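For reference, the structure is listed below as structure tokens.
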Amino acid sequence: MEISGMDVPVVKESPVARKPVGKTGVLLVNLGTPDSPSVPDVRKYLREFLMDGRVIDIPYAQRYMLVNGIIAPFRAPKSAKVYREVWTENGSPLKYYGEIAERELQKQLGSEFVVKLAMRYQNPSIDAGLSAFQQLGLTEIIVIPFFPQYASATTGSIYEKVMAIVGKWQVIPKIEFTNSFLDHPKFIEGFAQRARPYMDRESFDHFLFSYHGLPERQIRKGDTTGQVCKLGDCCSSLHAQNQYCYRAQCFETTRLLVKALGIPEGKYTTSFQSRLGKDPWIKPYTDDVIPELAQKGVTSVLAFSPAFVADCLETTVEVGVEYRELFEKHGGKRWQLVDSLNDSPIWIELLVDLVQKARQS
């Protein structure tokens, strides 16, 4: 470039990463809970939950008749009774621990972030959380489903709901999703910390890792190649071809926890609970494994439920009470449930890590 006979060098500016100019929204999403343990509120919750096409993945008309004609009317009174067993003075434990996570994460992240708790079904709703973010004009939104392992019926459903809402916005900010955190060191260490006090006090004959179940058809649908999923030894390792397989991720979680706790081979089992309907669900079934353990002479079991980060009906009642009774019925003597992460400091540290990783991507 020449000015008045002088050569002036052209200076090229080096690219600078654009930093967010506003706040970042963090949406923490768990499955959901009834507003109260009353039969009407439980029925309302079951209808919303089970009408999700990713939860019961059958044609809409069949799903509508099944949920509204059979499941919700007849299951709601029984489920309400169980919900009353886990309800506390703080309400639903799942919601209570979620509120603690929301509050503590906000403290850790500071004023550059706005943290909101939401439930996929019922309240506080995803719609309300995202609406609050929209009104604040946030630079970006980070969505963290509270599910360690990915499944279409859980994390996938949250993705779909969030995208359906923001897809109607005129201005859509940057959105990052956490897919899973089954192998995050702080997730593994969090459950190990919960288990060690029990293991230090006494020895256990066996260690059971019980995960929420899914219909086999949903696992097969996730194998887009049609070549990998055999619902057997294909889950013995986690790799690129089966990285989104819920069953394979559960087995990987077990392997990592076993290593962290130094549990010997042959002393642990991975199984699946909470079946619904007559179609086959992923195996082995926990309620089949427990009698077999007792019949083999196992008298004491330390049980884990690592598909949940907060204690709820499926952990406290199903694993902690119902499976203990089943174990004792078949001759077992000692059954101990390991607490979920709940309000542990390492759980909040894990959430901070997930936010920071999402913001850097």
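Be aware that the sequence shown starts at 3, since it is given in my numbering, and climbs by one per residue. The beta carbon of each residue, even a glycine, is placed where N, CA and C say it ideally should be. Note that this is a predicted model, so its numbers are computed, not measured.
Cβ-based burial, residue i [other Cβ within 10 Å; buried from 16]
{"i": "F76", "result": "exposed"}
{"i": "L278", "result": "exposed"}
{"i": "W349", "result": "buried"}
{"i": "Q172", "result": "exposed"}
{"i": "L119", "result": "buried"}
{"i": "H208", "result": "buried"}
{"i": "A296", "result": "buried"}
{"i": "T226", "result": "exposed"}
{"i": "H214", "result": "buried"}
{"i": "K97", "result": "buried"}
{"i": "E50", "result": "buried"}
{"i": "K170", "result": "exposed"}
{"i": "P347", "result": "exposed"}
{"i": "P147", "result": "buried"}
{"i": "F42", "result": "At residue 42 the sequence reads Pro, which differs from the Phe that was named. P42 comes out exposed."}
{"i": "L132", "result": "buried"}
{"i": "D129", "result": "exposed"}
{"i": "Q64", "result": "exposed"}
{"i": "Y99", "result": "buried"}
{"i": "P217", "result": "buried"}
{"i": "T157", "result": "buried"}
For residue i, three-class secondary structure by DSSP
{"i": "Y98", "result": "helix"}
{"i": "Y123", "result": "strand"}
{"i": "I174", "result": "coil"}
{"i": "E324", "result": "helix"}
{"i": "K118", "result": "strand"}
{"i": "S6", "result": "A caution first: S6 carries a pLDDT of 43, below 50, which makes its placement in the model unreliable, though a value can still be read off. Correct three-state label for S6: coil."}
{"i": "F329", "result": "helix"}
{"i": "L1", "result": "A query on residue 1 cannot be resolved here, the shown segment of the chain reaching from 3 to 363 and no further."}
{"i": "T1", "result": "Since the first and last residues shown for the chain are 3 and 363, residue 1 lies out of range."}
{"i": "I58", "result": "coil"}
{"i": "F310", "result": "coil"}
{"i": "V300", "result": "coil"}
{"i": "G158", "result": "helix"}
{"i": "A153", "result": "coil"}
{"i": "P347", "result": "helix"}
{"i": "G169", "result": "coil"}
{"i": "L140", "result": "coil"}
{"i": "G71", "result": "helix"}
{"i": "D129", "result": "helix"}
{"i": "T288", "result": "helix"}
{"i": "P36", "result": "coil"}
{"i": "D43", "result": "helix"}
Distance between residue j and residue i (C-alpha atoms, nearest Å)
{"i": "S302", "j": "L210", "result": "10 Å"}
{"i": "S436", "j": "V260", "result": "With the chain represented from 3 up to 363, any question about residue 436 goes unanswered, as that position is not in the structure."}
{"i": "F149", "j": "Q243", "result": "21 Å"}
{"i": "R122", "j": "V291", "result": "31 Å"}
{"i": "E178", "j": "R56", "result": "21 Å"}
{"i": "V117", "j": "R45", "result": "29 Å"}
{"i": "C314", "j": "Q110", "result": "25 Å"}
{"i": "A188", "j": "A312", "result": "At residue 188 the sequence reads Lys, which differs from the Ala that was named. Each residue's Cα considered, the two are about 15 Å apart."}
{"i": "L352", "j": "Y85", "result": "29 Å"}
{"i": "D355", "j": "V145", "result": "13 Å"}
{"i": "R196", "j": "L343", "result": "8 Å"}
{"i": "E320", "j": "E87", "result": "11 Å"}
{"i": "A360", "j": "T35", "result": "27 Å"}
{"i": "V357", "j": "K163", "result": "20 Å"}
{"i": "Y161", "j": "R203", "result": "42 Å"}
{"i": "Y287", "j": "T255", "result": "17 Å"}
{"i": "F206", "j": "T271", "result": "13 Å"}
{"i": "P308", "j": "D59", "result": "24 Å"}
{"i": "K335", "j": "L304", "result": "12 Å"}
{"i": "Q362", "j": "A74", "result": "43 Å"}
{"i": "A166", "j": "L258", "result": "35 Å"}
{"i": "F329", "j": "K298", "result": "12 Å"}
{"i": "V10", "j": "K25", "result": "Because V10 sits at a pLDDT of 45, beneath the cut-off of 50, its placement in the model cannot be relied upon, and the point is left open."}
{"i": "Y248", "j": "D235", "result": "14 Å"}
{"i": "V300", "j": "W337", "result": "11 Å"}
{"i": "E104", "j": "V340", "result": "23 Å"}
Bridge partners - residue i, DSSP secondary structure assignment
{"i": "F51", "result": "Answer by DSSP bridge pairing: none, since F51 is not bridged."}
{"i": "W374", "result": "A query on residue 374 cannot be resolved here, the shown segment of the chain reaching from 3 to 363 and no further."}
{"i": "A305", "result": "L210 and L339"}
{"i": "E191", "result": "Its beta-bridge partners do not exist; DSSP assigns none."}
{"i": "G93", "result": "T90"}
{"i": "Q275", "result": "H214"}
{"i": "V145", "result": "L29 and F179"}
heavy atom of the ligand FAD below 6 Å from residue i C-beta
{"i": "L352", "result": "Of the ligands one can find in the structure shown there are none, so the ligand FAD has no counterpart to examine."}
>> So within the segment 194 to 272, which uninterrupted beta strand (DSSP E) runs reach at least 3 residues, ignoring any that extend past its ends?
In response: With a minimum length of 3 residues, the continuous beta strand (DSSP E) runs that stay inside the segment 194 to 272 are 208 to 214.
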